[in-house]
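Step one of this worksheet: look at the structure below.
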Amino acid sequence: TAGGRPELADLLPTDPPEGWAADWAPAAGDADLDALGAALERASARAAALDDAFAGATAPDEAAPACYWPGEATAWVRFGREARFGLDDQRRAVTATMPGHHRVKAGTERASAAVDFVEAVCPDAAGEGETDFPFDATTRQFGPNEGDSLGIEHGKPDGRSFSLGTGEVTRRDPDGTVVVEREMSGRGTYDALGVDQQAGDVAVTKFTEGKWWYPTVYRGADGEKRGTYVNVCTPVEVFPDAVRYVDRSPAPSRTRSEFSVLAGRGDGSCP
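Following the numbering used here, the numbering of the sequence shown begins with 253 at its first residue and continues without gaps.
Below you can see the structure in the form of structure tokens.
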């Protein structure tokens, strides 16, 4: 685009095919001439292939259904906490990267801008990855904090993701722990516990950033404990609007004083 066109683009020996124009990403402004030229050549070759695929093609109303261009396979990948810190290590090898670069940026646009500012002002900011991730400063500035509403995004290994609802943050500790309290609907049965939900029941869930599990304690309106469910999952990530993880199996549960380990049913049911 004209507004994002890098200055060196005028010097490139290659032009896009007729009828096509280059849409440059913001990072192109920092790229050298060779990198810009290689990128434009790849894009131009793809554009030319598209033109060839449609050249002389039968009209859609005469050929439908038909595939004119198979394109490329696309897959959405859910990056977890460990993957983000692994990406930090790779990025740190070539440029200034603060601890938790990708983890913080995944939170909000404001947090992403703050990361860019920190790395521009303090390029020597370094740390030991997960060990030095500034959880306290990040949540204090961007949330969640006590009194905030926080969702629970329950991911499944097959790629599905759904919400377990939202609750109120009743505690936030600098060490990475947040406690969320939810009022239950009073319908159905608590997964794995074999206990019916009742109106007025409250679920108190303790999430700790980076842990591979989290416990939920269910209590009745009278305060009596009705059971405890421990969800086994990928390392928990506490974002400003929701806690995220991918569910794993098995999951232990406890009613009264006994623990049992239950294989995950894989049907999407949850506490």
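Idealized CB from N, CA, C, for every residue including glycine.
State the CB to CB distance for the pair A358 and T390, rounded to an integer number of angstroms; the pair is presumed to be in contact (CB under 8 Å).
Not really, about 11 Å apart at Cβ, beyond 8 Å.
Check T347 in the structure and name its three-state DSSP category.
coil
Taking the alpha carbon of F331 as the reference point, which residue from D493, G411, E420 has its own alpha carbon closest?
G411
Near N397, which residues of its chain fall below 6 Å by C-beta distance, leaving aside the five closest residues on each side in sequence?
R424
Please decide whether G323 counts as near chain D, where near means a Cβ-Cβ distance under 8 Å.
In the structure shown, chain D cannot be found, because there is only a single protein chain.
Is it right to say T460 is buried, meaning 16 or more other beta carbons lie within 10 angstroms of its own, or is it exposed?
buried
Report yes or no: do the stretch 463 to 472 and the stretch 367 to 376 share at least 3 C-beta pairs separated by less than 8 Å?
no
Taking the Cβ atom as the reference point for each residue, do G419 and E405 lie within a distance shorter than 8 Å?
no
Short Cβ contact (8 Å threshold) for G440 with Q450:
no
Range of the contiguous alpha helix (DSSP H) that encloses P312:
312 to 315
Give the DSSP bridge partners of C485, in chain order.
D499
Counted within 10 angstroms of its Cβ, other Cβ atoms place Y497 as buried (16 or more) or exposed:
buried
Any contact between the stretch 298 to 311 and the stretch 348 to 355? By contact I mean 3 or more CB pairs, one from each, below 8 Å.
no
For K408, collect the residues of the same chain with a Cβ closer than 6 Å to its Cβ; drop the 5 residues on either side in sequence, then sort them by chain order.
D499
In chain order, each beta strand (DSSP E) run of at least 3 residues that lies wholly inside the stretch 370 to 425
401 to 407, 413 to 424
Bounding residues of the beta strand (DSSP E) (the contiguous stretch that carries E293):
Not the beta strand (DSSP E): E293 falls in the alpha helix (DSSP H), residues 285 to 306.
Close beta carbons around G452, own chain, < 6 Å, minus the five adjacent residues each side:
A473
Look up A530 in the DSSP assignment and say whether it is helix, strand or coil.
Nothing can be reported for residue 530, as the shown portion of the chain is limited to 253 through 523.
Determine the DSSP secondary structure at V329, reduced to helix, strand or coil.
coil
Thinking C-beta only, is K463 closer than 8 Å to V488?
yes
For the beta strand (DSSP E) that R471 lies in, which residues bound it at each end?
465 to 471
Skipping 5 residues on each side, what residues in its chain have a beta carbon closer than 7 Å to that of Y320?
A305, F306, A309
Expected contact under 8 Å - CB spacing of V495 and V456 to nearest Å
Contact flag wrong, Cβ pair sits at about 14 Å.
The alpha helix (DSSP H) that contains R355, what's its start and end?
353 to 357
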